[in-house]
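Here the protein sequences line up with chains A and B, keeping their order. Residue numbering for the first sequence is 1 to 193, as defined by full-length UniProt numbering. Residue numbering for the second sequence is 1 to 193, as defined by full-length UniProt numbering. Worksheet: one structure, shown below.
Protein chains: 2
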Amino acid sequence: MKREVKNCIFAEIEMNSLAYALLAMVARKDCSGYELVQLLELFWQAKHSQVYPLLAKLEQKQYVAHRLVKQNGRPDKKIYRLTEQGREILSAWIHEEPAVPVVRDEFLTKIYAIWLTSTKRARELLHERIQYFTDMLTDRLLKIREMEERWSDDLYDPHSPQFGRYMILQRKTRLEQEEINWCHWVLERLKKD
Amino acid sequence: MKREVKNCIFAEIEMNSLAYALLAMVARKDCSGYELVQLLELFWQAKHSQVYPLLAKLEQKQYVAHRLVKQNGRPDKKIYRLTEQGREILSAWIHEEPAVPVVRDEFLTKIYAIWLTSTKRARELLHERIQYFTDMLTDRLLKIREMEERWSDDLYDPHSPQFGRYMILQRKTRLEQEEINWCHWVLERLKKD
DNA sequence: ATCGACATGTAATCAGTTACATGATTTT
DNA sequence: AAAATCATGTAACTGATTACATGTCGAT
């Protein structure tokens with residue numbers, strides 16, 4: 001017989017996957033909301049309009065806390081850090097089974113139905129895809145080099161806050177490279193035509 | 001000064017990515033809603049509660065049409081096919097730029113913050129991940145073999161309705177293999193610990 | 001002079017998930 | 001006897017995107 005749940009001081013603020021992703025980010029390094037959106041791009045694309053209100057809710061729950069940093073000629077920023085409570089629920093969450101990954105990719109739908117149009121359009125799509133992933137990869141390799149210069153051996157230490165992000169960066173480059181390889185493989189199949 | 005848009009006979013039924021994915025599916029092969037959910041799993045995970053109403057809307061717009069198939073001891077099913085109008089808007093859509101792919105993967109968040117817990121949990125997560133992708137891959141290879149037996153040379157013909165799905169299956173196996181390779185690579189980094 | 005980066009927020013809408021609802025057949 | 005598969009649908013809710021809102025600085 002649940003009552004007054006919404007009026008309760010400890011009102012249930014839904015901890016969803018993105019909420020934990022934000023905690024994981026600020027665990028590694030104190031961040032502004034703006035910065036979080038950029039760092040998140042690596043494995044959980046979210047818009048600022050989703051991140052800012054969520055951060056406020058996480059602060060309400062006292063999983064994060066912020067300090068104001070005044071800037072000259074730039075808008076002030078709120079730098080968030082993880083609290084002890086935040087660290088605890090994040091650690092507990094890591095011990096739960098992760099949900100199955102979700103991928104949504106319009107390009108694949110277009111390839112699925114490419115037989116309806118032309119092999120010319122197929123080639124176009126594939127070349128654009130190669131371009132896209134090549135750009136991603138170039139940027140990614142740059143970021144890997146930056147991390148390597150800044151933290152070197154720490155990156156291979158599973159107890160370092162940098163370990164996770166570095167491993168995930170490595171994963172992404174592998175997958176991006178494989179995407180490019182596949183595109184070339186398909187282009188080969190289209191040659192005869 | 002838009003007026004009466006909602007009362008108009010040709011009321012705007014929003015054509016979203018999933019709608020086109022459904023059209024692409026029925027273009028290849030007549031399908032029931034139930035079957036579409038399963039086939040879609042390859043690159044656009046959707047629940048039946050999203051698919052059935054969308055199919056009804058697509059039929060309203062006359063992009064698909066269905067016939068009833070009575071079954072003994074099983075519920076009747078609605079087999080959908082693509083109409084000429086459906087084929088046209090699908091072809092037109094293929095000539096538009098695809099949206100950037102979206103990935104959401106809780107496992108990666110857990111790896112990101114793994115330094116907070118233990119390398120034991122890290123190993124556990126990676127082994128479960130390997131198991132998951134190995135299972136996916138086994139199933140995927142089976143489906144590839146099934147397609148190869150059924151259509152053989154058609155699969156490499158860009159004008160065959162089977163071409164797209166086959167290419168996408170091949171892509172998925174490559175990516176899944178690479179996911180597994182990466183997991184083993186990370187496990188190596190964890191050995192010293 | 002216009003555009004992109006920096007920086008934070010809210011409101012409206014659309015997309016997607018979970019739960020409700022039903023029911024026979026086959027497999028474990 | 002219970003669970004999974006086949007088969008279709010709706011209602012309520014949560015998650016995510018687009019649009020609205022504001023403002024400075026540096027580069028082109």
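C-beta: ideal position from N, C-alpha, C; glycine also. On a predicted model such as this, the values are computed, not experimentally measured, just so you know.
* When you compare only the Cα positions, how much space is there between Met25/B and Glu35/B? -> Cα to Cα, the separation comes out at about 10 angstroms.
* To do: For the stretch 135–151 of chain B and the stretch 179–192 of chain A, state whether three or more C-beta atom pairs, one from each stretch, are separated by less than 8 angstroms.
  => Taking one beta carbon from each stretch, the stretch 135–151 of chain B and the stretch 179–192 of chain A have fewer than 3 pairs nearer than 8 angstroms; the two do not touch.
* Neighbour-count burial assignment, Gly86/B, 16 or more Cβ in a 10 Å radius -> Burial call: buried.
* **Spatially closest choice to Pro158/B from Asn72/A, Arg123/A, Lys143/A and Glu14/A, by CA coordinates** => In terms of Cα proximity to Pro158/B, the closest of Asn72/A, Arg123/A, Lys143/A and Glu14/A is Arg123/A.
* Look at the alpha carbon of Glu4/A and the alpha carbon of Leu68/B, and state the distance between them as a whole number of angstroms. => Below a pLDDT of 50, predicted positions are generally treated as unreliable, and Glu4/A, at 33, falls in that range; the measurement from the model is reported next regardless. Here the C-alpha atom of Glu4/A lies approximately 49 angstroms from the C-alpha atom of Leu68/B.
* Asked: Quick one: what does DSSP say Ala99/A is sitting in, helix, strand or coil?
  -> Correct three-state label for Ala99/A: coil.
* Asked: Skipping 5 residues on each side, what residues in its chain have a beta carbon closer than 6 angstroms to that of Ala27/B?
  -> Contacts found: Leu82.
* Asked: Along chain B, which residues have their Cβ under 9 angstroms away from the Cβ of Glu178/A?
  -> Per Cβ cutoff of 9 angstroms: Arg171, Arg174, Leu175, Gln177 and Glu178.
* Asked: Under 8 angstroms between C-beta atoms, does Trp182/A make it to chain B?
  -> Yes, Trp182/A lies at the interface with chain B (some Cβ there is under 8 angstroms from its Cβ).
* Going by the C-beta, is Ala65/B closer than 7 angstroms to any heavy atom of the ligand MG? -> By its list of ligands, the structure shown contains no ligand whatsoever, and the ligand MG lies outside what it can speak to.
* **Assumed close pair Ala21/B, Trp44/B - CB separation to whole angstroms, cut-off 8 angstroms** => Yes, Ala21/B and Trp44/B are in contact; Cβ-Cβ is about 5 angstroms, under 8 angstroms.
* Label His66/A either buried or exposed according to how many other C-beta atoms from any shown protein chain fall within 10 Å of its C-beta, with 16 as the threshold for buried. => Buried, since its Cβ has 16 or more Cβ neighbours within 10 Å.
* Asked: Between Arg104/B and Val100/A, is the Cβ-Cβ spacing less than 8 angstroms?
  -> Contact flag unset, no.
* To do: Identify, in the order they occur along the chain, each residue of the same chain with its Cβ nearer than 8 angstroms to the Cβ of Gln62/B, setting aside the five sequence neighbours on each side.
  => Excluding sequence neighbours, Gln62/B sits near Thr83, Gln85 and Gly86.
* To do: Closer than 7 angstroms by C-beta to Trp182/B: which residues in its own chain qualify, once you throw out the five before and the five after it? Chain order, please.
  => So no residue of the chain qualifies.
* Give every residue of the same chain whose Cβ lies closer than 8 angstroms to the Cβ of Arg121/A, excluding the five residues on either side of it in the sequence, and list them in chain order. => Only Ile114 meet the Cβ criterion.
* Taking the Cβ atom as the reference point for each residue, do Gly33/B and Lys70/B lie within a distance shorter than 8 angstroms? -> With contacts defined as CB atoms closer than 8 angstroms, Gly33/B and Lys70/B fail to qualify as a contacting pair.
* Going by C-alpha distance, which of Glu106/B, Lys192/B and Ile168/B is nearest Tyr156/A? -> Checking every option, the nearest Cα to that of Tyr156/A belongs to Lys192/B.
* **Cβ pair Asp30/B, Tyr112/B closer than 8 angstroms** => Here Asp30/B is not near Tyr112/B, since their CB atoms are 8 angstroms or more apart.
* To do: Ignoring anything shorter than 4 residues or poking outside the stretch 10–62 of chain B, list the alpha helix (DSSP H) runs there in chain order.
  => Complete alpha helix (DSSP H) runs here, min 4: 17–28, 33–40 and 48–60.
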